Ligand SMILES: [Cu+2]
């Protein structure tokens with residue numbers, strides 16, 4: 013919570029929706045560069061601080077438009093991915109809380125890039141699946157229902173009893189319950205583990221679970237970014253690559269964070285059919301907690317490599333108003349839809 017009682021998530025939501033809020037005496041909102049300079053003062057004009065709200069940076073004719081290999085489906089508002097971009101808040105429940113989660117496998121036709129539709133297999137209708145947030149020691153009880161014509165299941169990373177590891181196929185129409193004692197503290201993907209594995213993951217059956225330490229982490233503006241790809245005969249293998257399931261979304265709608273305030277990003281790589289992906293932040297460096305584990309960062313960098321299923325929690329502060337680009341440093345992946353921006357406001 014901030015001093016005036018506005019949680020950071022609420023703050024970000026308000027910023028994203030264009031509302032004005034007070035933080036430390038500074039008026040923030042859907043700011044333009046001029047407003048940002050006027051409210052903060054001191055930052056020189058720079059190309060990176062142009063168009064904090066809006067979409068295209070560069071010029072089509074000159075070929076300087078980033079992330080346009082696959083554009084966002086037209087008309088998606090800036091809050092369309094909020095449920096995936098901003099994790100649920102830490103909720104300070106008592107030790108050993110039982111967390112009941114329902115996961116239903118459903119088939120959906122999703123528009124993953126402008127005009128590109130994908131026959132997805134989903135947990136609860138979205139790709140990626142909902143973010144699960146729990147505290148170490150909680151009992152996570154997942155009621156799993158397979159409402160498709162194929163077998164599926166649900167396997168968590170992290171530590172748990174092997175009989176709840178989720179590799180046994182649940183047939184069409186079947187149901188089961190998984191019970192996972194949440195741990196270790198960290199960031200753990202979950203995904204389908206039915207053969208053929210690559211197809212079941214590549215079709216969209218994955219999500220992330222955040223396991224907090226009891227008492228929670230230090231306050232920060234929290235963001236979740238899950239990288240994945242979409243493949244079919246029309247678009248080819250990983251013809252679309254996206255953060256949080258929609259190509260070009262964060263290129264069109266920069267993720268707004270407050271300048272000089274700590275930012276924590278949960279980064280997960282679920283990109284099938286590529287041996288390696290990465291996360292690269294421009295113009296700033298970050299602390300890295302591999303798999304979100306450990307009480308102190310393991311190293312500091314501006315690029316981290318992540319193989320399939322690998323993830324990291326990173327923390328940084330953006331000290332200047334403006335746009336900070338992020339993307340996988342495999343540039344064909346960036347060009348396929350995974351270019352994005354943070355806008356420090
Ligand atoms: Cu499956």
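Numbering (this note's numbering), first residue to last: 13 to 357. Glycine is no exception: its CB is placed at the ideal position from the N, C-alpha and C atoms. Being a predicted model, the structure only gives us computed values, none of them experimental.
### Query
Is residue 184 closer than 8 angstroms to residue 161 when the C-beta atoms are compared?
yes
### Task
Just the C-alpha distance for residue 268 and residue 140, rounded to the nearest angstrom, thanks.
21 angstroms
#### Entry: Proximity to residue 134 [Cα-Cα], best of 149, 114, 194, 151
Cα-wise, what sits closest to residue 134 is 114.
### Task
Below 8 angstroms CB to CB, which residues in the same chain sit around residue 196 once its five sequence neighbours on both sides are set aside?
Within the same chain, Cβ atoms closer than 8 angstroms to the Cβ of residue 196 are found at 148, 170, 171, 223, 305, the five residues on either side in sequence being excluded.
### Task
Kindly examine ligand 1 and report whether one of its heavy atoms sits closer than 7 angstroms to the Cβ of residue 122.
No, Cβ of residue 122 sits at least 7 angstroms from all heavy atoms of ligand 1.
### Query
If you draw a straight line from the alpha carbon of residue 347 to that of residue 192, how long is it in whole angstroms?
Roughly 38 angstroms between the two C-alpha positions.
### Query
Mind checking whether the beta-carbon of residue 206 lies closer than 7 angstroms to any heavy atom of ligand 1?
Answer for residue 206: yes, Cβ within range of ligand 1.
### Query
Under 8 angstroms between the Cβ atoms of residue 143 and residue 99?
yes
### Task
Using the Cα positions of residue 279 and residue 262, report the straight-line distance between them to the nearest angstrom.
14 angstroms
### Meets three-Cβ-pair contact criterion under 8 angstroms: the region 227-242 and the region 97-111
yes
### Message
Rounding to the nearest angstrom, what Cα-Cα distance links residue 123 and residue 290 in this structure?
### Response
24 angstroms
### Task
Select from 276, 284, 308 the residue whose C-alpha is nearest the C-alpha of residue 293.
276
### Task
Since I believe residue 230 is in contact with residue 285 (beta carbons under 8 angstroms), could you give me their beta-carbon distance rounded to a whole number of angstroms?
For residue 285 against residue 230, the beta-carbon gap comes to about 37 angstroms, at or over 8 angstroms, which does not count as contact.
#### Entry: Coarse secondary structure for residue 101, derived from DSSP in three states
Coil.
### Message
Which of the three DSSP states is assigned to residue 53 in this structure?
### Response
Residue confidence is low: residue 53 scores 35 on pLDDT, short of 50, so the model does not pin down where it sits. No coordinate-derived value is stated.
### Task
Have a look at 253, 131, 164 and flag the residue whose alpha-carbon is nearest the alpha-carbon of residue 203.
Answer by Cα proximity: 164.
### Task
Tell me whether residue 311 is buried or exposed, calling it buried when 16 or more other Cβ atoms sit within 10 Å of its Cβ.
Exposed is the call here.
### Query
Over what stretch of residues does the beta strand (DSSP E) that includes residue 355 continue unbroken?
352-356
### Message
Measuring alpha carbon to alpha carbon, tell me which residue in 353, 238, 316, 180 is nearest residue 281.
### Response
238
### Task
Evaluate residue 315 with the Cβ neighbour count: other Cβ atoms within 10 Å of its Cβ, from every protein chain shown; 16 or more gives buried, anything less gives exposed.
exposed
#### Entry: Inter-residue Cα distance where the pair is residue 112 and residue 194
The straight-line gap from Cα to Cα measures roughly 12 angstroms.
### Message
At the level of alpha carbons, what is the spacing between residue 131 and residue 89?
### Response
23 angstroms
### Task
Have a look at the DSSP bridge pairing and note the partners of residue 112.
153
### Query
Just the Cα atoms here: how many angstroms apart are residue 218 and residue 151?
20 angstroms
### Message
Does the beta-carbon of residue 167, which I'm using as the reference point, lie nearer than 7 angstroms to any heavy atom of ligand 1?
### Response
no
### Query
Buried or exposed: which applies to residue 345, given that a residue is buried once 16 or more other Cβ atoms fall within 10 Å of its Cβ?
buried
### Query
DSSP beta-bridge partners for residue 127?
Listed as beta-bridge partners of residue 127 by DSSP are no residues whatsoever.
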